[in-house]
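Visitor: Residue numbers (this note's numbering): 1 to 341. Got a structure for you, written out below as C-alpha cells; questions coming shortly.
Here is the structure:
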C-alpha cells in the first residue's frame with residue numbers, strides 16, 4: 001500500500017521518545033496499518049517501541065479475544081509471538097468494557113516498564129452510541145496518552161473530540177480515512193479470526209489439571225469448599241435432581257447438574273441456604289469453552305479450550321500451550337472456542 005501523505009505528516013508529529021499514541025476510528029479506517037507504519041518509523045529512527053493491539057475481534061498480536069503487546073526492536077519482531085497477553089474472552093467489547101479498558105492500560109504500563117520509548121495503541125472499531133463513546137473515553141482517561149489520533153469519514157468522532165480537546169496534555173490529530181485503505185467484508189473478518197485461532201491452537205496439546213491445582217476468575221468454580229456427601233444429598237433434594245459437583249464460598253454456591261434447573265427450584269435453594277448468589281451449570285457448558293491460563297503473577301501463560309471435565313475424579317483436560325502445567329488461575333469466558341468465529 002502506498003503510504004498517504006497524511007500518515008507521513010502524522011509520523012513526524014507523533015513518533016518520538018516518551019510518546020504514547022492511541023489510534024481511534026471506525027471499522028475499515030486503517031488503524032492497524034497506520035499503527036504498524038508508526039511502529040516501523042519509530043524502529044527506523046532507533047526508538048525502542050511497543051505495539052498494543054486492543055482490537056479483540058481482529059487481533060494481529062496474539063489470538064482474538066485478547067489484548068496483545070509486542071516490544072519492537074526491528075521490523076521482524078511484529079511477526080513473532082506477543083510478549084504479553086490480557087485475556088478479555090470476547091471478540092466484541094460490549095459486556096466486557098472494563099476488561100477492555102483495564103487490559104489496555106495494564107499492557108501499556110507493561111510496555112513502558114519493559115523499556116519501550118514509544119507506544120502505539122490499536123483499538124476496536126466500536127465508536128458508535130453511548131457504549132462506543134464510553135469505551136474510547138475510558139481508555140483515554142485511564143492511559144492518558146500524549147497523542148490521540150482520530151481517523152474519521154464524516155466527523156463521526158467529533159463528539160469524542162469535544163470531550164477531550166480542552167485537556168492540555170493531550171494532542172489531538174484529526175485524519176480523514178485514506179483512500180488507499182482496503183475495506184474488508186464480514187466474511188473476510190471471520191476468516192481472519194478463524195485463521196488466527198487455528199494458528200494459535202495448532203501449537204497446543206491436551207493437559208490434565210486437578211481441581212485443587214487451580215483457582216478461577218469470572219466464575220465461582222474452583223474457589224470454594226467442595227460440599228460433603230451429606231450436603232450434596234441435601235442439595236439434591238432441594239433441586240430435585242442429581243448434583244454432580246458443588247462448592248460453597250461464604251453465601252455463594254456453585255453447582256453442576258445434569259439438566260437445567262428451573263427458576264422456582266433455584267430460588268428455593270437460595271432461600272433454604274440463605275444464598276446471595278447461585279451459579280448453576282451443566283456439564284456441556286464447559287466443553288469447548290475458551291479460557292485463559294495465568295501464572296501466580298497474574299500473567300497469561302496460554303489460552304485454552306476445555307475438552308473434558310470429570311467431576312467424579314475432579315480433573316479437567318484443557319488444550320493449551322506446553323508449559324501451562326504451571327498455571328495457577330483459570331480465567332473463564334463465554335466464548336466457545338470449538339465453534340469457530
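Beta carbons are placed, not taken as given, at the ideal position from N, Cα and C, and that holds for glycine. Bear in mind the structure is a predicted one, so any value in this text is a computation, not a measurement.
Can the beta-carbon of residue 254 be found closer than 7 Å to that of residue 264?
Guide: The answer is no: Cβ separation not under 7 Å.
Visitor: For a test of the three-state rule: what should DSSP assign to residue 12, helix, strand or coil?
Guide: helix
Visitor: Quick one: grab the DSSP three-state call for residue 254.
Guide: strand
Visitor: Using only CA atoms, which one of 37, 91, 107 and 66 lies nearest to residue 75?
Guide: 37
Visitor: Are the CB atoms of residue 210 and residue 315 nearer to each other than 7 Å?
Guide: yes
Visitor: What do you get for residue 188, buried or exposed, if any count of 16 or more other CB atoms within 10 angstroms of its CB means buried?
Guide: exposed
Visitor: By DSSP, does residue 136 sit in helix, in strand, or in coil?
Guide: helix
Visitor: Pairs of beta-carbons, one from the stretch 186-201 and one from the stretch 165-176, closer than 8 Å: are there three or more?
Guide: Taking a contact to require three or more Cβ pairs closer than 8 Å, the stretch 186-201 and the stretch 165-176 do not qualify as touching.
Visitor: One question on the structure: do residue 91 and residue 57 come within less than 7 Å of each other, judged by their Cβ atoms?
Guide: Taking the C-beta atoms as reference points, residue 57 is found nearer than 7 Å to residue 91.
Visitor: Could you tell me the distance, in whole angstroms, from the CA atom of residue 66 to the CA atom of residue 292?
Guide: 9 Å
Visitor: Can you give the Cα-Cα distance for residue 106 and residue 241, rounded to whole angstroms?
Guide: 44 Å
Visitor: Would residue 34 pass as a contact of residue 7 if the rule is Cβ separation under 7 Å?
Guide: Their beta carbons are under 7 Å apart, which means residue 34 touches residue 7 by this criterion.
Visitor: Taking just the CA atoms, how far does residue 216 sit from residue 164?
Guide: 38 Å
Visitor: Quick one: residues in its chain with C-beta nearer than 6 Å to the C-beta of residue 157, no 5 flanking neighbours on either side, listed in chain order?
Guide: 150
Visitor: Go through the stretch 255-281 residue by residue and report every complete run of the beta strand (DSSP E) that reaches 3 residues or more, in order.
Guide: Complete beta strand (DSSP E) runs here, min 3: 277-281.
Visitor: Could you check where the alpha helix (DSSP H) with residue 108 kicks off and where it finishes?
Guide: 97-113
Visitor: According to DSSP, is residue 297 helix, strand or coil?
Guide: coil
Visitor: Could you spell out where the alpha helix (DSSP H) holding residue 236 opens and where it closes?
Guide: If you look at residue 236, you'll find it in the alpha helix (DSSP H) that goes 229-239.
Visitor: List the DSSP bridge partners of residue 226.
Guide: 247
Visitor: Taking three-plus beta-carbon pairs below 8 Å as touching, is the stretch 102-117 in contact with the stretch 136-154?
Guide: Touching, yes, given that three or more Cβ pairs across the two stretches are closer than 8 Å.
Visitor: According to DSSP, is residue 290 helix, strand or coil?
Guide: DSSP places residue 290 in strand when its eight states are reduced to three.
Visitor: Runs of 3 residues minimum, wholly inside the stretch 190-221: which ones carry the beta strand (DSSP E) assignment?
Guide: The qualifying runs are 204-210 and 215-217.
Visitor: Given that a residue counts as buried once 16 or more other Cβ atoms are within 10 Å of its Cβ, and exposed if not, what is residue 272?
Guide: Counting the other Cβ atoms within 10 Å of the Cβ of residue 272 gives fewer than 16, which makes it exposed.
Visitor: Could you please give the first and the last residue of the uninterrupted beta strand (DSSP E) stretch that includes residue 357?
Guide: Nothing can be reported for residue 357: it is not among the residues displayed for the chain, which extend from 1 to 341.
Visitor: Out of 335, 334, 300 and 332, which has the shortest C-alpha to C-alpha gap to residue 324?
Guide: 300
Visitor: Where does residue 313 sit, in a helix, a strand or coil, going by DSSP?
Guide: coil
Visitor: Residues in its own chain within less than 8 Å of residue 64 by CB, not counting five upstream and five downstream?
Guide: Excluding positions up to five away in sequence, the list reads 56, 57, 58, 91, 193, 196, 197 and 341.
Visitor: Can you tell me where the alpha helix (DSSP H) with residue 36 in it begins and where it stops?
Guide: For residue 36, the enclosing alpha helix (DSSP H) covers residues 31-44.
Visitor: Can you grab the Cα-Cα spacing for the pair residue 121 / residue 159, in whole Å?
Guide: 21 Å
Visitor: Going along the chain, which residues of its own chain have a beta-carbon closer than 8 Å to the beta-carbon of residue 298, five neighbours each way excluded?
Guide: 329
Visitor: What residue range does the beta strand (DSSP E) around residue 61 cover?
Guide: Per DSSP, residue 61 belongs to no beta strand (DSSP E) and is neither H nor E.
Visitor: From the DSSP output, which residues share a beta bridge with residue 331?
Guide: 217 and 292
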